[in-house]
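K.L.:
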Amino acid sequence: AAGCAVISCELGGSGRVSQKALAQGWAGVLRLLAAEGALHPDAAARLGATRAGPTRFADLGAGAAMATVMHHGLAEPLVRLGEEVAAGQTIALLRDPFDLSAPAREIAAPAAGLVLVRRRNALVAPGDHLILTGPEIAAETVLRAADPRAA
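For what it's worth, this note's numbering labels the leading residue of the sequence shown as 452, then goes sequentially.
Shown next, in the form of structure tokens:
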């Protein structure tokens, strides 16, 4: 209906969601409802709202870089979301699905930064993106850009 507020969040990918992601999403929605006055903070706490960690901001624009595979294979990620990586660091192994005894190809981070996106599906084809890295942006920079009066 027109004017109906909606809350939505990304909890997984490829039609999957983990218990951890579900719990984090639930706690986040409760915090949001409490912050907006739609739910009393005590009720939010009873329902499972937890204290939020620090918000991190990242550059998904010109500062971001994709690690893309050039061969068919099974990808084995070696890094986690939010992890800091160095340029050239091995971030994944690509294995031949028809000869698992063959040496794995190493996939390197194209640039230093945080791991912002990581492919979930192991089976890859040439041109598939495995990992997106990007630099972290200081919260003050983001807040200044969002509200120039705050500078």
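Backbone N, C-alpha and C fix where the C-beta goes; we use that ideal spot for every residue, glycine too.
Can you tell me whether residue 501 is helix, strand or coil according to DSSP?
P.N.:
What you label residue 501 is simply residue 50 of the sequence shown in a count that begins at 1. Residue 501 sits in coil when the DSSP states are folded into three classes, being neither helix nor strand.
K.L.:
For residue 574, count neighbouring C-beta atoms within 10 Å of its own C-beta (all shown protein chains included) and say buried if the count is 16 or more, exposed if not.
P.N.:
The residue you call residue 574 lines up with position 123 of the sequence shown. With fewer than 16 other Cβ atoms within 10 Å, it is exposed.
K.L.:
Assuming residue 541 and residue 559 are in contact, meaning their beta carbons sit under 8 Å apart, how far apart are those beta carbons, in whole angstroms?
P.N.:
Locating residue 541 in the sequence shown gives position 90, counting from the first residue. Locating residue 559 in the sequence shown gives position 108, counting from the first residue. Between residue 559 and residue 541 the Cβ distance is about 6 Å, and since that is below 8 Å, they are a contact.
K.L.:
Since residue 549 sits in a beta bridge, which residues does DSSP pair it with?
P.N.:
The sequence position of residue 549 within the sequence shown is 98, counting from 1. In the DSSP output, where bridge partners are listed per residue, residue 549 has none listed.
K.L.:
Measure the beta-carbon distance from residue 496 to residue 536 and round it to whole angstroms, keeping in mind my assumption that it falls under 8 Å.
P.N.:
As a first step, residue 496 must be located in the sequence shown, where it is residue number 45. As a first step, residue 536 must be located in the sequence shown, where it is residue number 85. 36 Å between Cβ atoms; not a contact.
K.L.:
Distance, Cα to Cα, residue 569 vs residue 592?
P.N.:
Against the sequence shown, residue 569 aligns to sequence position 118. Against the sequence shown, residue 592 aligns to sequence position 141. Each residue's Cα considered, the two are about 26 Å apart.
K.L.:
Can you check the segment 517-582 for any beta strand (DSSP E) of at least 3 residues that lies completely inside it and give the ranges in chain order?
P.N.:
524-528, 541-546, 556-559 and 564-569
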